[in-house]
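S.K.: This structure is in structure tokens; I'll ask about it shortly.
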Amino acid sequence: MRTNTALSFLLILTLLTACHKTTKEAPKNKEVITNFILRLQDNQNLRQDIYGDIKADSIVLSIPEGTTVTNLVPSIALSGGTVSPANKEAQNFSNPVLYTVSAASGITNTYRVVVHFLKTEKKITSFVLKSKNNPALTQDVTGIINSNDTILLNVLPGIDITALKPDIEFQGKQISKGSGVAQDFSYAAHYIVTAEDNTSREYTVLVSQAMNIFVGSADGYLYAINPTTGTLSWQYYLGGQVSSPVCANGNVYAGGRTAFYAFDAKTGTLKWKTTTPAGQFTASSIENGGIYIGNHTEYYNESAVYAFDEATGSIRWFSYLVRGGYGTLSDPTVSNGVVYVGEFNTGVSAFNAQTGELKWQRRYGIVQDKPMVNNGIVYFGGEATQIAALDGQTGAEIWRIFGTGNVVSGACLYNHSIYIGAYTSNSNSSIFNFNINDGSVIWEYATAPNTGLVLGSPYVDANMLFCCTREGYMVALNAETGKLQWRFYFEHGSGVMPPNPVAAFGTVFVTCSDNYLYAFDARTGNVKWKFHSDGTLNTNPCLLDNGGNVFYPGH
0 MRTNTALSFL
10 LILTLLTACH
20 KTTKEAPKNK
30 EVITNFILRL
40 QDNQNLRQDI
50 YGDIKADSIV
60 LSIPEGTTVT
70 NLVPSIALSG
80 GTVSPANKEA
90 QNFSNPVLYT
100 VSAASGITNT
110 YRVVVHFLKT
120 EKKITSFVLK
130 SKNNPALTQD
140 VTGIINSNDT
150 ILLNVLPGID
160 ITALKPDIEF
170 QGKQISKGSG
180 VAQDFSYAAH
190 YIVTAEDNTS
200 REYTVLVSQA
210 MNIFVGSADG
220 YLYAINPTTG
230 TLSWQYYLGG
240 QVSSPVCANG
250 NVYAGGRTAF
260 YAFDAKTGTL
270 KWKTTTPAGQ
280 FTASSIENGG
290 IYIGNHTEYY
300 NESAVYAFDE
310 ATGSIRWFSY
320 LVRGGYGTLS
330 DPTVSNGVVY
340 VGEFNTGVSA
350 FNAQTGELKW
360 QRRYGIVQDK
370 PMVNNGIVYF
380 GGEATQIAAL
390 DGQTGAEIWR
400 IFGTGNVVSG
410 ACLYNHSIYI
420 GAYTSNSNSS
430 IFNFNINDGS
440 VIWEYATAPN
450 TGLVLGSPYV
460 DANMLFCCTR
470 EGYMVALNAE
480 TGKLQWRFYF
490 EHGSGVMPPN
500 PVAAFGTVFV
510 TCSDNYLYAF
520 DARTGNVKWK
530 FHSDGTLNTN
540 PCLLDNGGNV
550 FYPGH
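Letter 32 of the sequence shown, counting from 1, is numbered 31 in numbering that gives the first Met the number 0, and no numbers are missing.
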């Protein structure tokens with residue numbers, strides 16, 4: 000009995016297994032949609048062919064947002080059978096459309112075709128340098144996002160900007176560089192935001208360590224210009240030729256035809272205005288609440304040094320230099336309670352900054368550019384091949400050298416050296432580097448006849464010297480060796496008196512008689528931007544940084 004039972008069980012199991020092996024699966028339907036395309040040639044409102052994403056029984060058409068989908072013509076490819084609605088039959092895809100593929104056997108497959116609108120949004124909404132992610136920063140710096148797709152970050156001077164990590168918020172599918180990625184902001188940084196529809200938008204991110212650069216124009220306007228972008232920050236009409244502006248304590252000062260003005264350097268708000276005899280102002284020099292300027296009267300027969308109160312604009316004193324002569328030529332320099340000015344007839348004059356009393360005068364021929372002061376010693380260049388160093392309090396001569404050529408250029412002091420230009424003829428002109436202690440020549444760079452006469456003042460920054468010539472060149476030299484680094488020719492900017500450049504934060508700024516203010520890359524000489532005015536830009540620029548530091552020729 001046990002044996003028969005076991006045999007019966009095996010027999011039943013064998014029969015069941017055999018039955019399973021011989022059962023056939025239902026045949027799969029091979030009649031399917033293999034391609035579903037909205038072709039540009041059939042749909043003129045599209046920008047490109049759109050391929051449907053076929054998954055199981057659904058097809059997704061990814062179409063840019065805003066596209067009209069009420070009358071689209073699809074191109075449908077099948078592996079066999081027929082499809083309904085038919086190929087090339089226009090459809091309204093505002094709502095899902097069902098497509099049925101029928102095989103000859105009668106089996107059908109149905110696809111649900113839907114439209115997914117690809118968003119076109121692509122923008123940076125926030126760009127912040129957070130102090131917690133950037134140890135060099137003492138506080139967060141929020142980027143200013145402008146309508147021209149630039150982002151400006153105002154950072155204090157002295158901060159290393161070569162590896163800053165931004166926190167970025169954006170709308171779109173992706174961004175080329177995301178939050179927390181270190182970036183060298185010494186140059187313009189570029190961030191690309193891509194939308195769902197694969198269109199993109201590029202942002203240029205600029206780090207500025209300067210607030211504004213100021214220039215005066217013959218069109219009567221004082222211009223405040225963003226030094227990073229070259230865009231106008233503000234302007235003010237002064238009614239006539241504007242003097243070279245100078246900044247101090249968050250203000251900018253400049254003279255017009257009949258008045259001297261003080262403005263808030265950031266906003267351009269007028270602080271005060273003081274009327275003076277009609278004429279032309281020199282650039283001012285500021286110390287201990289006083290502003291000191293030279294003024295040529297309209298008929299050029301009177302010239303005086305004025306002292307204004309920095310806060311109110313009231314005139315503290317004025318002192319005539321020449322009445323009926325050629326008058327003052329240089330900007331004044333104030334240091335340790337003494338105002339120094341170069342003058343056409345008398346050479347160099349020194350005044351008590353509090354009272355206006357004349358302290359001393361020394362004749363060195365024409366002293367055309369402002370004297371420089373360092374550690375109580377006054378340095379300047381004059382005609383008849385002279386460069387001299389005088390005691391600032393007494394005017395006593397410390398040293399004088401001859402034979403360098405006529406000096407109408409101002410001196411620039413940098414690292415125990417005096418840099419100055421001189422010429423003897425149209426074929427002999429040079430930039431000199433003199434030892435500040437005794438006037439001995441360290442090096443000489445000849446500018447004429449190749450680049451012209453040096454009549455402007457050199458400016459040295461970060462061991463680079465920049466100087467312009469009468470014939471329309473700006474040269475950049477290594478300040479230690481005098482070796483030429485690069486030069487630039489202003490095609491429409493030559494003139495009798497060339498402008499004086501100023502440099503800071505890797506950029507050189509210089510005005511030109513072609514009505515432009517130029518910004519150059521200090522290392523390469525490439526033009527970063529140009530700003531145009533309606534009159535000749537014939538004054539020296541003045542740069543104010545975010546920390547309140549001031550940069551201008553002769554400073």
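Glycine included, each C-beta is placed from N, C-alpha and C at the ideal position.
For clarity, every value in this text was computed on a predicted model and none was experimentally measured.
State buried or exposed for phenylalanine 401, treating a residue as buried only when at least 16 other CB atoms are found within 10 Å of its CB.
M.R.: exposed
S.K.: Do threonine 510 and valine 241 have their C-beta atoms closer together than 8 Å?
M.R.: no
S.K.: Our contact map puts asparagine 539 next to methionine 210 with C-beta atoms below 8 Å; I'd like the distance itself, whole angstroms only.
M.R.: In fact, because the Cβ distance is near 18 Å, the residues do not count as touching under 8 Å.
S.K.: Nearest by alpha-carbon distance to valine 31: which of Ile58, Leu37, Asp520, Glu286 is it?
M.R.: Ile58
S.K.: Could you say which of Phe343, Val338, Asn374 lies nearest to leucine 357 if we only look at CA atoms?
M.R.: Val338
S.K.: Got a sec, what are the start and stop residues for the beta strand (DSSP E) alanine 475 sits in?
M.R.: 472-477
S.K.: Between the Cα of tryptophan 442 and those of Val154, Gly455, Leu464, spot the shortest distance and give me the residue it belongs to.
M.R.: Leu464
S.K.: Can you tell me whether leucine 205 is buried or exposed, with buried defined as 16 or more other CB within 10 angstroms of its CB?
M.R.: Buried is the call here.
S.K.: Can you name, in chain order, every residue of its own chain whose Cβ lies under 7 Å from the Cβ of serine 129, other than the five neighbours on each side?
M.R.: Residue 129 is actually lysine in this sequence, not serine. In chain order, Asp139, Asp166 place their CB closer than 7 Å to the CB of lysine 129, counting only its own chain and leaving out the 5 sequence neighbours on each side.
S.K.: Can you check whether the CB of glutamine 367 is closer than 8 Å to the CB of threonine 345?
M.R.: Not in contact: threonine 345 and glutamine 367 (Cβ atoms no closer than 8 Å).
S.K.: Can you tell me whether leucine 389 is buried or exposed? The criterion is at least 16 other CB atoms within 10 Å of its CB, across all chains shown.
M.R.: buried
S.K.: Quick check: what's the CA-CA separation for threonine 535 versus glutamate 120?
M.R.: A direct Cα-Cα distance of roughly 44 Å separates threonine 535 from glutamate 120.
S.K.: Would you give the residue range spanned by the beta strand (DSSP E) that glutamine 90 belongs to?
M.R.: Where glutamine 90 is concerned, there is no enclosing beta strand (DSSP E), given that its DSSP letter is neither H nor E.
S.K.: Out of Thr393, Asn374, Pro370, which has the shortest C-alpha to C-alpha gap to alanine 387?
M.R.: Selected option, being the one with the closest Cα: Pro370.
S.K.: Would you call arginine 469 buried or exposed, if buried means 16 or more other Cβ atoms sit within 10 Å of its Cβ?
M.R.: buried
S.K.: Report buried or exposed for isoleucine 143, applying the criterion of at least 16 other Cβ atoms within 10 angstroms of its Cβ.
M.R.: Classification for isoleucine 143: exposed.
S.K.: Rounded to whole angstroms, what's the CA-CA distance from leucine 483 to glutamate 382? Just pull it up for me.
M.R.: 27 Å
S.K.: Measuring only the C-alpha atoms, how far is leucine 39 from glutamine 47?
M.R.: 5 Å
S.K.: Please report the straight-line C-alpha distance between serine 313 and threonine 273, rounded to a whole angstrom.
M.R.: 7 Å
S.K.: Tell me which residue opens and which closes the beta strand (DSSP E) that lysine 272 is part of.
M.R.: 269-274
S.K.: Would you kindly work out how many angstroms separate the C-alpha atoms of threonine 281 and alanine 310, rounded to a whole number?
M.R.: 20 Å
S.K.: Among residues of its own chain, excluding the 5 on either side of threonine 69, which ones have a beta-carbon nearer than 8 Å to its beta-carbon?
M.R.: Asn91, Phe92, Ser93
S.K.: Comparing alpha-carbon positions, which option in Asn432, Phe379, Ala349 lies nearest glutamine 585?
M.R.: The structure shown does not extend to residue 585, since the chain spans only 0 to 554, so no value can be given for it.
S.K.: Could you name the residues of the same chain whose beta carbon sits closer than 7 Å to that of arginine 111, not counting the 5 residues immediately before and after it, in chain order?
M.R.: Asp56, Ser57, Pro95, Leu97
S.K.: Please name the residue in Gly341, Gln170, Thr193, Lys164 whose C-alpha comes closest to that of glycine 179.
M.R.: Lys164
S.K.: Could you compute how far the alpha carbon of asparagine 248 sits from the alpha carbon of tyrosine 444?
M.R.: 38 Å
S.K.: In chain order, what residues of the same chain lie with their CB nearer than 7 Å to the CB of arginine 315, ignoring the 5 residues before and after it?
M.R.: Gly289, Ala306, Phe307, Asp308
S.K.: Spatial neighbours of methionine 0 within its chain, please: C-beta separation below 7 Å, excluding the five flanking residues on both sides.
M.R.: Low per-residue confidence applies at methionine 0: pLDDT is 41, beneath 50, and the placement is therefore not dependable enough to give any value.
S.K.: Helix, strand or coil, according to DSSP, for aspartate 555 in the structure here?
M.R.: This structure cannot speak to residue 555, because the chain is shown only from 0 to 554.
S.K.: Would you mind working out which of Ala410, Gly455, Leu454, Val453 sits nearest asparagine 434, comparing C-alpha positions?
M.R.: It is Ala410.
S.K.: Spell out the partners DSSP gives aspartate 330 in its beta bridges.
M.R.: Beta-bridge pairing links aspartate 330 to no other residue.
S.K.: Quick check on the burial criterion: 16 or more other C-beta atoms within 10 angstroms. Buried or exposed for aspartate 52?
M.R.: Classification of aspartate 52: exposed, given that the 10 Å Cβ count is below 16.
S.K.: If the criterion is Cβ atoms closer than 8 Å, does the pair proline 500 and phenylalanine 508 meet it?
M.R.: yes
S.K.: Measure the beta-carbon distance from valine 245 to tyrosine 252 and round it to whole angstroms, keeping in mind my assumption that it falls under 8 Å.
M.R.: 5 Å
S.K.: What did DSSP end up calling aspartate 520 once you bin it into helix, strand or coil?
M.R.: Aspartate 520 falls in the strand class under three-state DSSP.
S.K.: Glutamine 385: which of Phe431, Gln353, Asn414 sits nearest, CA to CA?
M.R.: Phe431
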